[in-house]
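The block underneath contains the structure these notes are about, expressed in structure tokens.
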């Protein structure tokens, strides 16, 4: 018996993040996932897209085969 | 940069579980921990103690270096 | 980008273990897997079968989407 | 009972890597660690130092509370 988990090294939003505070967002991802907490992670809109910012994951909630990721954006990456 | 996580194969309550529903309990554990979700796990009061029951972990919440484990007791192990 | 890993709480051999020493066996499993090392784990021939023994995992090797598990059988469970 | 594991998102060599092939290195790290396999990871000499290159982890071996990481350098980051 096992439990599949995906280790993630960056946050890929696919534009589905929901703002819950000034710089804090929630994102629902399929399956059970681990994102390192409290260390800087890249944020991208798509897996192969440009980096859009840097965030710290503040909370992970795993239930019903879904993971809710709460992250705080600590910097934006502008590309103009 | 890394994130320490502890993989757990059983639930050790140390008597600190809080009942939130008929058979559902919450337990706060130090650090970031993974318990396999939705598979039967042994419940013990102490690490080296007797098995007190079997539970399914229904939710894990990792934040601020604490893990909240929500589990549903599916059977009790009576030792009389 | 993520890496799928399966956390396992028991060793399911499907009869594919290879003896490499008196009580030491190697088992190849699909995908990347974590078995807790150096703590007693149940050994079964099939997922839903009877417990056949107890083992300690001594080594995990993850490469090319396969995990080699080296375990030492510490007790046999006879069912007569 | 639990097993502590550290999830790592980059490779910090501290200059202790051993070359085993043209672009392939082995690195011994304390404790049990997971580095995502087969995805690009930053290589640094020190945790807070400059990026020195990008590598793919090809193999992880966990035994005796040590993790051997085999990685292939896929690009060097020159800073001149």
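Residue numbers (my numbering), protein chains in the order written: chain H, 52 to 131; chain V, 52 to 131; chain X, 52 to 131; chain E, 52 to 131.
Virtual Cβ for every residue (Gly too), placed ideally from N, Cα, C.
Note that the structure is predicted; figures quoted are calculated from it, not measured.
query: Shorter than 8 Å from the beta carbon of residue 60 of chain V to some beta carbon of chain X?; result: yes
query: Would a C-beta distance cut-off of 8 Å place residue 85 of chain X and residue 116 of chain X closer than the cut-off?; result: no
query: Following the continuous beta strand (DSSP E) through residue 114 of chain H, name the residue where it begins and the one where it ends.; result: 102-114
query: Measuring only the C-alpha atoms, how far is residue 74 of chain H from residue 94 of chain H?; result: 13 Å
query: Buried or exposed: residue 125 of chain V, going by 16 or more other Cβ atoms within 10 Å of its Cβ?; result: exposed
query: For a contact meaning CB atoms closer than 7 Å, what does residue 55 of chain H contact in chain E?; result: Ordered by position in chain E, no residue passes the 7 Å Cβ test against residue 55 of chain H, which lies about 14 Å from the chain.
query: Starting from the beta carbon of residue 85 of chain E, find every residue of chain H whose beta carbon is closer than 7 Å, and list them in chain order.; result: 58
query: Could you tell me which chain V residues have their CB closer than 7 Å to the CB of residue 114 of chain H, listed as they occur along the chain?; result: 109, 110
query: I think residue 113 of chain E touches residue 110 of chain X, with their Cβ atoms under 8 Å apart; what is that distance to the nearest whole Å?; result: 7 Å
query: So what does DSSP say about residue 53 of chain E, is it helix, strand or coil?; result: strand
query: Using the Cα positions of residue 118 of chain E and residue 82 of chain E, report the straight-line distance between them to the nearest angstrom.; result: 6 Å
query: Between the C-alpha atoms of residue 98 of chain X and residue 62 of chain V, what's the straight-line distance to the nearest angstrom?; result: 21 Å
query: Spatial neighbours of residue 55 of chain H within its chain, please: CB distance less than 8 Å, with the 5 preceding and 5 following residues excluded, ordered by chain position.; result: 82, 83
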